[in-house]
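Undergrad: One structure, pasted below without further comment.
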Amino acid sequence: MTVRTRYAPSPTGDPHVGNIRSAVFAWAMARANGGQFLLRIEDTDRARLVPGSMDAIFESLRWLGIDWDEGPDVGGPHAPYVQSERLHLYQAAASELIAKGRAYRCFCTAERLDAMRASQTAAKRPPGYDGLCRGIDAAESESRAKSEPFVVRFRMKDEGQTVLRDLVRGEIVFENALQDDFVALKSDGFPTYHLAVVVDDHEMEITHAIRGDEWVSSAPKHLQIFEALGYEPTLFAHLPLIVGVDRKKLSKRSGDTALLDYAKKGYLPDAMLNFLTLLGWSLDDKTTIISRETLLKSFTVERVVPNPAAFDLDRLNFLNGQYIKQLTDEQWEAVVREWAERDLPGHILRPLDEDLVRQVAPLLRDRVGTLSEVAPQIEFLFGGAAPEYPKELLSERLGGEHMEALRVVDAALLALDAVSPELWVKERIEAAIRGMEEPLGMKLRKFASVLYVAAMGRAAGIPLFDSLEILGRERSLDRLRRARGLLE
18 MTVRTRYAPS PTGDPHVGNI RSAVFAWAMA RANGGQFLLR IEDTDRARLV PGSMDAIFES
78 LRWLGIDWDE GPDVGGPHAP YVQSERLHLY QAAASELIAK GRAYRCFCTA ERLDAMRASQ
138 TAAKRPPGYD GLCRGIDAAE SESRAKSEPF VVRFRMKDEG QTVLRDLVRG EIVFENALQD
198 DFVALKSDGF PTYHLAVVVD DHEMEITHAI RGDEWVSSAP KHLQIFEALG YEPTLFAHLP
258 LIVGVDRKKL SKRSGDTALL DYAKKGYLPD AMLNFLTLLG WSLDDKTTII SRETLLKSFT
318 VERVVPNPAA FDLDRLNFLN GQYIKQLTDE QWEAVVREWA ERDLPGHILR PLDEDLVRQV
378 APLLRDRVGT LSEVAPQIEF LFGGAAPEYP KELLSERLGG EHMEALRVVD AALLALDAVS
438 PELWVKERIE AAIRGMEEPL GMKLRKFASV LYVAAMGRAA GIPLFDSLEI LGRERSLDRL
498 RRARGLLE
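18 is the number of the first residue of the sequence shown in this note's numbering; add one for each residue after it.
Structure below.
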């Protein structure tokens, strides 16, 4: 059997991390088994469509490095891969189900259904369709269909059990008596998810449906449609729920935001892929860093656990830092240049000075958690003007004493002015600044931030002595003089 998996998002907004996790697992399973991975767009919920969402789906997958063998953009033997272009297949399936007695036309109005639900709620009965149109004979149904709007409902079995043999959760038994007849085809001719997913998975020869835990309750519907149409059912693997570190349902605040938001914040694709992989799967009991190559060679659905997976932002930040460290010097320099070009203020001339980028890149590698932190740390190097900052920033580490800060700046001007241009290297700069400790009567760790703010406009960042060396003698002294003017 050739393994064929799919990712079938709805274009109702930018894909969120929980949704993309399903794509990662389905893709990894296909690749690990030498199979095919398909991309299908499920756009039958017309009211919820968001313009531009399909492009965001493509962009999200490509940013993560996920490729697909068949899909809307690359085509394939099972085209089209957009559900709204496949309506004839679903309508034919609905007609077949009606002919077999496994579906029927329902003529209930919205008002009648609202009243039914209200009555069920008042009587504290479980919600669900009451079967009013189940008994309409074929001739009456055909006649009414010519003049009345209708939906097609699937007739669920009244007795017995439907058994889901899930690859992650094991055997799950559903009592058929508790399942209500659901809408399979809407009045506008569009299918619901339940009918479309079964028809498409069959037509596209999907062997494994890997999807979120929230679809478990829909499994009996899908299994019965497979059976009614005479299809071999796909194998199901329902992935664990993703929760926050507080074990509550994942929200935007706890990390459930669009994948591309993480790209914009400066997370590396490989770090995010590694992180998503660990949301329910593991290579073993100890490995945290899982490369793309290892994932695509080693993924097995048997290693997926049913327990909820915690979206831990600290873990993502750790992984991002590890992947930053794995970049070669050339790769890292290119990344620093790209993000600095993107994020530095518009008044700074582009292209950036390559020598400055080359000098500062090694100093940033261990000091940024995400790439969006690059530009703020090195902005002081670019552009002629000194950075703007409130004078209180100069003295806050000295208890707000402006005169003490002024004394530090004066001492630094004296010490650094004595370092000649040809000897302006960090070792000489460090020696000059450390020589200020005795006359000032304070340790470097206490007054270093004053010098940092004066030269760089911020309280912390890349090392002080390296910063002053890269900034250069004249610019360093000019900025100290400006700081002195602020404090006077």
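All residues carry an ideal CB built from backbone N, CA and C; glycine is no exception.
So what does C123 bridge to, in DSSP terms?
TA: Within the sequence shown, numbered from 1, the residue matching residue 123 stands at position 106. DSSP output for C123 lists V168 as bridge partner(s).
Undergrad: Assuming F167 contacts F124 under a Cβ cut-off of 8 angstroms, what Cβ separation, rounded to an integer in Å, is found between them?
TA: Taking the first residue of the sequence shown as position 1, residue 167 is located at position 150. Taking the first residue of the sequence shown as position 1, residue 124 is located at position 107. Yes, F167 and F124 are in contact; Cβ-Cβ is about 5 angstroms, under 8 angstroms.
Undergrad: Contact check, L256 vs R38 under 8 angstroms by CB: the rounded distance?
TA: As a first step, residue 256 is located in the sequence shown; it is residue number 239 there, counting from the start. As a first step, residue 38 is located in the sequence shown; it is residue number 21 there, counting from the start. 7 angstroms between Cβ atoms; contact.
Undergrad: Taking only the alpha-carbon atoms, compute the straight-line gap between K460 and R451 and give it to the nearest angstrom.
TA: In the sequence shown, counting from the first residue as 1, residue 460 sits at position 443. In the sequence shown, counting from the first residue as 1, residue 451 sits at position 434. Looking at the two C-alpha atoms, the distance is approximately 8 angstroms.
Undergrad: Please work out which residues of its chain come closer than 7 angstroms, Cβ to Cβ, to P507, disregarding the five sequence neighbours upstream and downstream, and give them in chain order.
TA: Outside the shown range of the chain, which is 18 to 505, sits residue 507, and nothing can be said about it.
Undergrad: According to DSSP, is I227 part of a helix, a strand, or is it coil?
TA: The residue labelled residue 227 in the question sits at position 210 within the sequence shown. In the structure shown, I227 sits in a strand (DSSP, three-state: E or B).
Undergrad: Can you tell which of N324, G478, A120 and L373 has its C-alpha closest to the C-alpha of E350?
TA: One-based indexing of the sequence shown puts residue 350 at position 333. When only C-alpha atoms are compared, the closest one is L373.
Undergrad: Where R501 and L430 are concerned, what is the direct C-alpha to C-alpha distance, given to the nearest angstrom?
TA: Here residue 501 refers to the residue found at position 484 when the sequence shown is read from its first residue. Here residue 430 refers to the residue found at position 413 when the sequence shown is read from its first residue. C-alpha separation (whole angstroms): 9 angstroms.
Undergrad: Got a sec? Which residues, its chain only, sit under 7 angstroms from F335 by beta carbon, not counting five neighbours each side?
TA: Indexing the sequence shown from 1 puts residue 335 at position 318. Once the five neighbours on either side are set aside, F335 has no close Cβ partner at all.
Undergrad: Can you check which of these residues, V467, H219, I306 and G474, is closest to Y406 by C-alpha distance?
TA: Here the question's residue 406 lines up with position 389 in the sequence shown. Among V467, H219, I306 and G474, the Cα nearest to that of Y406 belongs to G474.
Undergrad: Using the Cα positions of D164 and E157, report the straight-line distance between them to the nearest angstrom.
TA: Locating residue 164 in the sequence shown gives position 147, where the first residue counts as 1. Locating residue 157 in the sequence shown gives position 140, where the first residue counts as 1. Correcting the residue type first, residue 164 is Ser in the shown sequence and not Asp. S164 and E157: Cα-Cα distance of roughly 12 angstroms.
Undergrad: Given a threshold of 16 other Cβ atoms within 10 Å of its Cβ, counted over all protein chains shown, does D218 qualify as buried or as exposed?
TA: Numbered from 1 along the sequence shown, position 201 holds the residue referred to as residue 218. The residue is buried, with at least 16 neighbouring Cβ atoms inside 10 Å.
Undergrad: By the 10 Å Cβ neighbour count, where 16 or more other Cβ atoms means buried, how is Q348 classified, buried or exposed?
TA: If you number the sequence shown from 1, residue 348 lands on position 331. Its Cβ having fewer than 16 others within 10 Å, Q348 is exposed.
Undergrad: Mind listing, in chain order, the continuous beta strand (DSSP E) runs of no fewer than 3 residues lying wholly within the stretch 152-214?
TA: 168-171, 178-183, 187-192 and 199-202
Undergrad: For H105, count neighbouring C-beta atoms within 10 Å of its own C-beta (all shown protein chains included) and say buried if the count is 16 or more, exposed if not.
TA: As a first step, residue 105 must be located in the sequence shown, where it is residue number 88. H105 should be labelled exposed.
Undergrad: Tell me the rounded alpha-carbon separation between G30 and E409.
TA: Along the sequence shown, read from residue 1 onward, the residue named residue 30 stands at position 13. Along the sequence shown, read from residue 1 onward, the residue named residue 409 stands at position 392. The alpha-carbon atoms of G30 and E409 are separated by roughly 45 angstroms.
Undergrad: Cβ atoms of D360 and A392: under 7 angstroms apart, would you say?
TA: Taking the sequence shown and counting its residues from 1, the one referred to as residue 392 is at position 375. Taking the sequence shown and counting its residues from 1, the one referred to as residue 360 is at position 343. Yes.
Undergrad: Which whole-angstrom value describes the C-beta separation of P144 and R134, a residue pair presumed to lie in contact below a C-beta threshold of 8 angstroms?
TA: Residue 144 sits at position 127 when you count from the first residue of the sequence shown. Residue 134 sits at position 117 when you count from the first residue of the sequence shown. Right, the Cβ-Cβ distance comes to about 6 angstroms (below 8 angstroms), so this counts as a contact.
Undergrad: If you draw a straight line from the alpha carbon of I341 to that of R332, how long is it in whole angstroms?
TA: Against the sequence shown, residue 341 aligns to sequence position 324. Against the sequence shown, residue 332 aligns to sequence position 315. Computed Cα separation, rounded: 14 angstroms.
Undergrad: Please report the straight-line C-alpha distance between F207 and D302, rounded to a whole angstrom.
TA: Counting from 1 along the sequence shown, the entry for residue 207 is found at position 190. Counting from 1 along the sequence shown, the entry for residue 302 is found at position 285. Each residue's alpha carbon lies about 46 angstroms from the other.
Undergrad: From A403 to R48, what distance separates their C-alpha atoms?
TA: In the sequence shown, residue 403 corresponds to position 386, counting from 1. In the sequence shown, residue 48 corresponds to position 31, counting from 1. Spanning the alpha carbons of A403 and R48 requires a straight line of approximately 53 angstroms.
Undergrad: Evaluate the contact criterion for the stretch 245-254 versus the stretch 218-229: three or more CB pairs, one atom per stretch, below 8 angstroms.
TA: yes
Undergrad: To which residues of the same chain is E486 closer than 7 angstroms at the C-beta, ignoring the five residues directly before and after it?
TA: Position 469 of the sequence shown, counted from the start, is the residue given in the question as residue 486. The residues are W441, V442, K443 and I446.
Undergrad: According to DSSP, is G92 part of a helix, a strand, or is it coil?
TA: What you label residue 92 is simply residue 75 of the sequence shown in a count that begins at 1. In the three-state scheme derived from DSSP, where H, G and I count as helix and E and B as strand, G92 is classed as strand.
Undergrad: From the DSSP output, in three-state form, read off G35 for me.
TA: The count along the sequence shown starts at 1 and reaches residue 35 at position 18. Of the three classes helix, strand and coil, the one that applies to G35 here is helix, per DSSP.
Undergrad: CB G386 to CB G338, shorter than 7 angstroms?
TA: Here the question's residue 386 lines up with position 369 in the sequence shown. Here the question's residue 338 lines up with position 321 in the sequence shown. One thing to note: G386 has its Cβ within 7 angstroms of the Cβ of G338.
Undergrad: Around the Cβ of T317, are there at least 16 other Cβ atoms within 10 angstroms (buried) or fewer (exposed)?
TA: Residue mapping note: residue 317 aligns to position 300 of the sequence shown, counting from 1. So T317 ends up on the exposed side.
Undergrad: Could you check whether A45 and L313 sit closer than 7 angstroms to each other, using their CB atoms as the reference points?
TA: To locate residue 313, count along the sequence shown from 1; it is residue 296. To locate residue 45, count along the sequence shown from 1; it is residue 28. It is a contact, given that the beta carbons lie within the stated cut-off.
Undergrad: Buried or exposed: where does A120 fall if 16 or more other Cβ atoms within 10 Å of its Cβ makes it buried?
TA: Stepping through the sequence shown from its first residue, residue 120 is reached at position 103. Buried, because 16 or more other Cβ atoms sit within 10 Å of the Cβ of A120.
Undergrad: My output table needs one value for V436: the three-state DSSP class, helix, strand or coil.
TA: Taking the first residue of the sequence shown as 1, we reach residue 436 at position 419. Coil at V436, not helix or strand.
Undergrad: In terms of alpha-carbon separation, which member of H211, Y284, L267 and E310 lies closest to A327?
TA: Start at 1 with the first residue of the sequence shown, and residue 327 comes out as number 310. Ranking H211, Y284, L267 and E310 by Cα distance to A327 puts L267 first.
Undergrad: Anyone know if the C-beta pair for A476 and V470 falls short of 7 angstroms?
TA: The residue you call residue 476 lines up with position 459 of the sequence shown. The residue you call residue 470 lines up with position 453 of the sequence shown. Yes, the Cβ-Cβ distance between A476 and V470 is below 7 angstroms.
Undergrad: When DSSP labels each residue in this structure, what does T22 get in the three-state scheme?
TA: Position 5 of the sequence shown, counted from the first residue, corresponds to residue 22. The DSSP-derived three-state label of T22 is strand.
Undergrad: Under the three-state reduction of DSSP, which class applies to W298: helix, strand or coil?
TA: Looking up residue 298 in the sequence shown gives position 281. Residue state, collapsed to three classes: strand.
Undergrad: Please report the distance separating the alpha-carbon of H211 from that of I115.
TA: Locating residue 211 in the sequence shown gives position 194, where the first residue counts as 1. Locating residue 115 in the sequence shown gives position 98, where the first residue counts as 1. C-alpha separation (whole angstroms): 16 angstroms.
Undergrad: Taking 8 angstroms as the limit between beta carbons, can you name the residues of its chain near D494, skipping five residues before and five after?
TA: Taking the first residue of the sequence shown as 1, we reach residue 494 at position 477. The question names Asp, but residue 494 is Leu in the sequence shown. Correct list, in chain order: L430, L433 and D434.
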